[in-house]
Amino acid sequence: MAKATFRAPRGTRDMLPEDLVLIQHLERTARSVAVSSGFAEIRTPFFEETRLFTRSLGETSDVVSKEMFTVPSRAAGGEDGGNSYTFRPEGTASVARAYVNGGYAAKAPLQKWYYLGPMFRYERPQKGRERQFTQFGVEAFGAASPLLDAEVVDLAVRFFEALGFGSELEVRVNTMGDPEDRDRWRERLKDYFRPQLATRCADCQDRFERNVFRLLDCKVPACVEANQGAPALAEVLGPEASAHHEGFLAALRALGREPVIDPSIVRGLDYYTRTVFEVHYPPLGARSALCGGGRYDGLVEEFGGQPTPGVGFAVGFTATELALQELGLPPAQDLADLEAELRPQVYVAAVSEDERGPALALASELRRAGVRPVVLDYRGKSLKAQLKEAGKSGAAFTVVLGADEVSTGTAVLRDMQAGEESSLPQPELAAQILRSASTTS
RNA sequence: GUGGGCAUAGCUCAGUUGGUUAGAGCACCAGAUUGUGGUUCUGGGGGUCGCGGGUUCAAAUCCCGUUGCCCACCCCA
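Structure representation (structure tokens):
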């Protein structure tokens with residue numbers, strides 16, 4: 002242990018083969034759910050010009066102000082124009098930029114895309130939070146209809162359902178209104194809170210300038226009480242944004258996703274307009290939030306594109322993995338099926354050194370015939386040790402090759418579970434193994 | 001950025017009021033008569049007790065510092 006002088010950087014981890022069983026299951030589920038709703042994959046660079054994020058997420062957002070992994074410019078005025086780059090802390094900004102650069106506004110405005118990959122935030126790691134984490138997200142551009150908002154929410158919920166989450170899944174929604182509404186609301190809130198600022202908690206005093214909306218979901222009892230008379234967004238919400246919100250709620254109900262209206266959902270990023278939502282799973286307790294998203298109608302325009310509405314969400318896999326673990330998902334049987342992919346189907350054992358070559362050739366032959374995976378020993382283990390290793394590997398069969406078998410072109414096929422073995426011609430091995438595999442699974 | 005907890009073999013942990021060559025279980029490797037696994041038995045490899053100082057005749061065990069990890073807050077996926 003003392004010799005391990007290097008380790009994965011703080012807040013990162015190695016995803017070892019055995020860990021990937023679950024992670025790949027998440028990835029496959031995400032892709033399958035997204036594709037079934039007509040979302041196509043998009044991949045953008047892992048890093049972008051820093052300004053892309055400061056512009057879209059907001060200078061004062063926590064992400065921008067203290068959580069960015071930024072690489073300073075290496076050549077002022079050189080090929081990178083003196084720009085600094087930042088490893089993406091989220092996916093929406095990059096995807097919106099790609100939409101603009103791809104010229105979709107003119108040629109095919111309606112685009113439904115999904116992405117899956119690593120994101121980076123320079124934060125203090127803790128349970129369910131890492132500096133490098135995987136996010137699955139979808140973005141739909143080119144339509145302002147609240148039906149699309151509802152479809153995106155439905156997709157998020159279906160992802161969790163496909164993973165085995167139960168009917169307790171909860172869709173919590175709110176609206177941030179249009180930018181003008183939000184500006185008006187912000188001023189109203191500041192006017193309301195300013196006089197009582199001295200009596201608020203330290204966090205609230207700090208949040209006042211950074212993001213007033215946050216004072217609304219403070220958990221300190223005195224603050225909660227002081228929030229009672231705070232002006233509501235409804236008081237300043239424009240008729241269009243209001244109609245959109247109603248349409249969104251109606252569409253959710255049509256989908257059978259009864260929304261829980263939660264005014265405390267405010268989201269930390271500047272680009273959100275109108276719809277904001279989170280999917281929660283109350284059985285998880287304090288860490289019940291599984292994903293979040295919303296509408297960002299001004300973002301594409303902000304990046305220099307034609308005014309184009311957009312809506313999307315993102316799920317962090319770190320929290321999802323934790324949730325699955327707490328809920329005992331996937332079920333043992335499903336997990337066993339997933340892990341089966343790591344288990345060899347056949348182990349080819351050589352009795353003595355003389356059969357090492359023929360064993361290698363036979364293994365290759367079996368692989369070509371479609372048996373998979375086929376493994377064997379390379380470390381000069383005794384037959385006994387090879388059998389032991391075969392048993393430990395979980396291989397369904399072991400093929401034993403000795404001098405007699407080599408001379409007669411046969412092989413001993415041992416069924417590891419039953420402990421029975423039979424001798425048969427080598428050309429018949431593959432068929433026998435594959436037949437047995439298809440009847441057991 | 002703030003607060004708290006923990007650091008002993010690959011893993012999970014014991015190590016009594018500081019005292020001889022630091023232990024267990026699991027894992028790993030090799031054997032138990034001649035070409036065979038999963039049970040059992042025997043043996044073996046593996047630790048500068050996170051690191052650096054200090055106290056002491058003597059420290060894994062006490063004190064200080066340092067680093068790392070974990071948890072919570074802020075915030076968020």
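Okay, so the first sequence: first residue is 2 according to the working numbering, each after it adds one.
By construction, the Cβ of each residue, glycine as well, lies at the ideal position given by its N, Cα and C atoms.
Expected contact under 8 Å - CB spacing of residue i and residue j to nearest Å
i, j, result
"residue 402", "residue 349", "7 Å"
"residue 86", "residue 51", "6 Å"
"residue 299", "residue 272", "7 Å"
"residue 156", "residue 261", "Wrong, their Cβ atoms sit about 18 Å apart, outside the cutoff."
"residue 237", "residue 182", "5 Å"
"residue 114", "residue 41", "6 Å"
"residue 277", "residue 295", "4 Å"
"residue 123", "residue 54", "Actually they are not in contact, since the Cβ atoms of residue 123 and residue 54 sit about 13 Å apart, beyond 8 Å."
"residue 89", "residue 49", "6 Å"
"residue 375", "residue 253", "With 8 Å as the limit, residue 375 and residue 253 do not qualify as a contact, their Cβ atoms being about 51 Å apart."
"residue 268", "residue 245", "About 16 Å separates the two Cβ atoms, so there is no contact after all."
Cross-strand partners of residue i (DSSP beta bridge)
i, result
"residue 262", "174"
"residue 348", "376 and 399"
"residue 431", "In DSSP, residue 431 forms no bridge with anything."
"residue 130", "127"
"residue 87", "49 and 71"
"residue 314", "139 and 294"
"residue 42", "115"
N-terminal and C-terminal residue of the alpha helix (DSSP H) that residue i is part of
i, result
"residue 33", "18 to 37"
"residue 1", "The requested residue 1 does not occur in the structure, where the chain is confined to residues 2 to 442."
"residue 411", "That residue, residue 411, is in no alpha helix (DSSP H); its beta strand (DSSP E) goes 411 to 416."
"residue 225", "222 to 227"
"residue 96", "93 to 102"
"residue 394", "384 to 394"
"residue 324", "318 to 328"
"residue 336", "333 to 340"
"residue 108", "105 to 108"
Range covered by the beta strand (DSSP E) that runs through residue i
i, result
"residue 113", "112 to 121"
"residue 134", "133 to 142"
"residue 359", "Premise fails: residue 359 lies in the alpha helix (DSSP H), 357 to 369, not in any beta strand (DSSP E)."
"residue 426", "421 to 426"
Given 8 Å, three or more beta-carbon pairs between the segment 172 to 191 and the segment 206 to 215: yes
Segments of 4+ residues assigned as alpha helix (DSSP H) that fall wholly inside the segment 45 to 85: 51 to 58 and 63 to 67
Can we say the segment 159 to 173 touches the segment 323 to 332, given the rule of at least three CB pairs closer than 8 Å? yes
Starting from the N-terminal side, write out each stretch of the alpha helix (DSSP H) that is 4 residues or longer and does not extend beyond the segment 178 to 212. 180 to 194 and 203 to 211
Counting only runs that start and end within the segment 238 to 311, where is the beta strand (DSSP E) found for 3 or more residues in a row? 260 to 262, 274 to 281 and 290 to 296
At least three beta-carbon pairs within less than 8 Å, the segment 411 to 431 to the segment 363 to 382: yes
Whether or not the segment 216 to 231 and the segment 116 to 131 are in contact is what I'm after, with contact meaning three or more pairs of Cβ atoms, one per stretch, closer than 8 Å; do they touch? no
Counting pairs of beta carbons, one from the segment 379 to 398 and one from the segment 307 to 314, are three or more of them closer than 8 Å? no
Does the segment 373 to 385 come into contact with the segment 349 to 358, if we say contact requires no fewer than three beta-carbon pairs (one atom in each stretch) closer than 8 Å? yes
Within the chosen definition, does the segment 216 to 225 reach the segment 193 to 206 through at least 3 CB pairs nearer than 8 Å? yes
Count the C-beta pairs between the segment 86 to 97 and the segment 135 to 150 that are closer than 8 Å, then say yes if the count reaches three, no if not. yes
Please determine if the segment 314 to 326 and the segment 337 to 344 are in contact, where contact requires at least 3 C-beta pairs separated by less than 8 Å. no
With three or more beta-carbon pairs closer than 8 Å as the criterion, would you say the segment 184 to 194 touches the segment 321 to 328? no
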